[in-house]
Amino acid sequence: MTPRELMARAIQLAERGLFTTMPNPRVGCVIADEQGNILGEGWHQRAGEGHAEVEALKAAGDKARGNIAYVTLEPCSHSGKTGPCTEALIAAGVAKVVYGMQDPNPQVSGNGLQKLRDAGIEVEGPLLEESCRALNPGFIKRMSLGLPLVRTKSAMSIDGRTAMASGESKWVTGPAARADVQRLRARSCAIVTGVDTVRHDNPNMNVRADEIALEMLAAEAAAEKQPLRVIVDSKLRTPAKAFILQGDAPTLVVTTSGADSERKARLQKAGAEVIELPADQNGRVHLGELLKELARRECNEVLVESGATLSGEFMYQGHVDEIIVYMAPKILGSSARPLFELPIARMGSMLPITITDMRAVGHDWRITATTDIER
Numbered sequence: 576m577t578p579r580e581l582m583a584r585a586i587q588l589a590e591r592g593l594f595t596t597m598p599n600p601r602v603g604c605v606i607a608d609e610q611g612n613i614l615g616e617g618w619h620q621r622a623g624e625g626h627a628e629v630e631a632l633k634a635a636g637d638k639a640r641g642n643i644a645y646v647t648l649e650p651c652s653h654s655g656k657t658g659p660c661t662e663a664l665i666a667a668g669v670a671k672v673v674y675g676m677q678d679p680n681p682q683v684s685g686n687g688l689q690k691l692r693d694a695g696i697e698v699e700g701p702l703l704e705e706s707c708r709a710l711n712p713g714f715i716k717r718m719s720l721g722l723p724l725v726r727t728k729s730a731m732s733i734d735g736r737t738a739m740a741s742g743e744s745k746w747v748t749g750p751a752a753r754a755d756v757q758r759l760r761a762r763s764c765a766i767v768t769g770v771d772t773v774r775h776d777n778p779n780m781n782v783r784a785d786e787i788a789l790e791m792l793a794a795e796a797a798a799e800k801q802p803l804r805v806i807v808d809s810k811l812r813t814p815a816k817a818f819i820l821q822g823d824a825p826t827l828v829v830t831t832s833g834a835d836s837e838r839k840a841r842l843q844k845a846g847a848e849v850i851e852l853p854a855d856q857n858g859r860v861h862l863g864e865l866l867k868e869l870a871r872r873e874c875n876e877v878l879v880e881s882g883a884t885l886s887g888e889f890m891y892q893g894h895v896d897e898i899i900v901y902m903a904p905k906i907l908g909s910s911a912r913p914l915f916e917l918p919i920a921r922m923g924s925m926l927p928i929t930i931t932d933m934r935a936v937g938h939d940w941r942i943t944a945t946t947d948i949e950r
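Residues in the sequence shown are numbered consecutively from 576, following this note's numbering.
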């Protein structure tokens with residue numbers, strides 16, 4: 576195998592940790608000889624467990640000495656829950672390390688590569704950098720900007736409507752699209768919704784292994800660590816018996832200063848954590864401060880699953896990195912609710928986006944777009 580093929584294999588391995596490595600990055604590693612024969616491979620499976628390099632070295636054993644490690648992310652040089660991967664590579668006697676991208680973590684960035692060089696190990700890269708970066712968009716953004724990557728998820732009819740005027744919305748899309756949403760949730764560290772969605776739809780907002788459409792072991796692993804469920808609720812109107820407060824997944828209710836103490840106590844008794852954040856100019860929870868708080872809690876990727884008002888506010892304020900829309904072959908009519916509530920009055924005020932992917936999901940279509948809004 577060529578170096579590019581070996582790095583591509585390391586990327587495939589890293590993808591196996593798509594749902595399980597948070598808050599750590601997804602990383603894959605391959606140990607190979609000069610002829611491109613694979614001697615060992617591994618990937619980071621869960622936070623607190625062995626990193627990709629350690630797992631690949633374990634698989635290669637003594638055969639790693641004098642050979643080459645291909646790793647999607649610069650090996651770490653600091654001690655966390657596990658030891659530095661640079662030390663493991665040096666101790667194993669590898670002759671060369673080919674890396675996919677430099678680690679954006681300030682504790683590592685460049686230091687890991689330098690430690691390898693100082694130990695006499697040849698270092699080469701970046702290789703397939705764009706594909707390696709695509710593994711960890713949220714981790715990269717959190718380490719670089721102190722903010723999580725934000726996705727909005729919406730389901731709409733072909734005429735751009737998400738719910739009837741009454742609020743009725745189950746089900747706009749079919750089972751395949753809903754399983755796809757389960758996978759979106761599973762890769763997210765937090766799911767953000769608004770109090771109106773909680774009151775109208777009473778969702779669970781959790782990951783359910785039996786609905787995720789993966790093989791059983793993979794489905795159980797994806798549902799093992801539930802994302803943090805976040806309710807934006809400036810007036811603390813969340814019902815204490817709401818489904819989103821139940822189950823094993825943690826729930827965070829975010830409100831503003833001076834919130835009603837009795838309502839706060841009632842939600843805490845129901846199992847929610849309640850915090851106060853600054854209000855914006857309209858007296859609502861400041862979304863920028865919310866995202867900073869989620870980054871402090873080591874959230875890499877945040878999924879916004881809410882109605883048109885909160886999704887529109889995230890969009891209007893420039894917090895959205897990626898938009899995912901499931902389009903169903905149905906027509907809901909002109910009185911139904913729109914995809915986003917946005918105060919746009921003129922063509923010159925349009926918000927530009929770039930469609931990056933469009934594919935069939937069962938009988939529906941999934942459209943993925945990135946925002947081009949200047950922040």
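Every residue gets a Cβ at the ideal spot worked out from N, C-alpha and C, and that includes glycine.
Inter-residue Cα distance where the pair is residue i and residue j
i: L803; j: N779; result: 12 Å
i: S809; j: L632; result: 51 Å
i: D835; j: A817; result: 18 Å
i: E868; j: N875; result: 12 Å
i: A845; j: E851; result: 17 Å
i: N680; j: S706; result: 18 Å
i: N781; j: A765; result: 10 Å
i: N642; j: E609; result: 7 Å
i: G603; j: E795; result: 21 Å
i: A944; j: Q892; result: 17 Å
i: N857; j: A793; result: 44 Å
i: T826; j: E873; result: 15 Å
i: R950; j: A667; result: Bear in mind that a pLDDT of 46 at R950, under 50, signals an unreliable position, so the model cannot answer this.
i: V605; j: I665; result: 16 Å
i: A798; j: V860; result: 29 Å
i: D734; j: D939; result: 13 Å
i: G617; j: H626; result: 8 Å
i: A634; j: R621; result: 18 Å
i: L789; j: R783; result: 11 Å
i: A815; j: K839; result: 10 Å
i: V629; j: A761; result: 25 Å
i: T946; j: S924; result: 14 Å
i: G700; j: A663; result: 19 Å
i: G623; j: G685; result: 23 Å
i: T929; j: T831; result: 34 Å
i: A639; j: A607; result: 8 Å
i: R934; j: G833; result: 46 Å
i: S909; j: D896; result: 28 Å
Proximity to residue i [Cα-Cα], best of the options
i: T768; options: V879, E897, I899; result: V879
i: V669; options: M791, E697, G658; result: E697
i: M731; options: G937, L914, D808; result: L914
i: T577; options: M890, I613, D771, E873; result: I613
i: V805; options: E790, I787, V773; result: V773
i: L720; options: R736, H894, I898; result: H894
i: D823; options: V807, A847, S832; result: A847
i: E888; options: T727, T931, A840; result: T727
i: G615; options: R584, E624, G623; result: R584
i: H775; options: A761, I819, L917; result: I819
i: K690; options: C660, T931, D896, L703; result: C660
i: H619; options: L588, L702, A639, D637; result: L588
i: G611; options: G658, G636, S910, K671; result: K671
i: L703; options: L862, R579, A639, P927; result: R579
i: K905; options: D637, V683, W746; result: W746
i: P927; options: M890, S910, V807; result: M890
i: I586; options: V683, G658, R708, S763; result: R708
Whole-angstrom C-beta distance between residue j and residue i, which should lie under 8 Å
i: R591; j: D755; result: Actually they are not in contact, since the Cβ atoms of R591 and D755 sit about 18 Å apart, beyond 8 Å.
i: I866; j: P723; result: Residue identity differs from the one stated: residue 866 is Leu in this sequence, not Ile. Contact flag correct, Cβ pair sits at about 6 Å.
i: L853; j: E837; result: The question names Leu, but residue 853 is Pro in the sequence shown. About 22 Å separates the two Cβ atoms, so there is no contact after all.
i: L558; j: L842; result: Residue numbering for the chain in the displayed model covers 576 to 950; residue 558 lies beyond these limits and cannot be assessed.
i: L710; j: R601; result: 5 Å
i: V828; j: V849; result: 5 Å
i: G521; j: D771; result: Because the chain spans 576 through 950 in this model, residue 521 falls outside it and cannot be assessed.
i: Y645; j: L688; result: Not a contact, Cβ separation roughly 14 Å.
i: I898; j: L759; result: Not confirmed; about 12 Å, so no contact.
i: T737; j: R921; result: Actually they are not in contact, since the Cβ atoms of T737 and R921 sit about 24 Å apart, beyond 8 Å.
i: Y901; j: A752; result: 4 Å
Mind the definition here: the region 676-685 touches the region 643-650 only if three or more C-beta pairs lie below 8 Å; say whether that holds. yes
Which runs of the alpha helix (DSSP H) spanning at least 4 residues fall entirely within the region 806-869, listed in chain order? Within the region 806-869, the runs of alpha helix (DSSP H) at least 4 residues long that lie entirely inside it are, in chain order, 836-844.
Is there contact here, the region 596-606 with the region 709-719, by at least three beta-carbon pairs under 8 Å? Verdict: yes, contact present.
Can you list the beta strand (DSSP E) stretches of 3 or more residues lying completely in the region 868-944, in chain order? You should have 876-879, 897-903, 928-936.
Enumerated in chain order, which unbroken segments of the beta strand (DSSP E) with a length of 3 residues or greater are wholly contained in the region 680-725? 697-699
Report the residue ranges of all beta strand (DSSP E) runs contained in full by the region 630-673; include only those spanning at least 3 residues, in chain order. 643-648
What beta strand (DSSP E) runs, 3 residues minimum, are completely inside the region 723-798? 724-732, 736-738, 765-769
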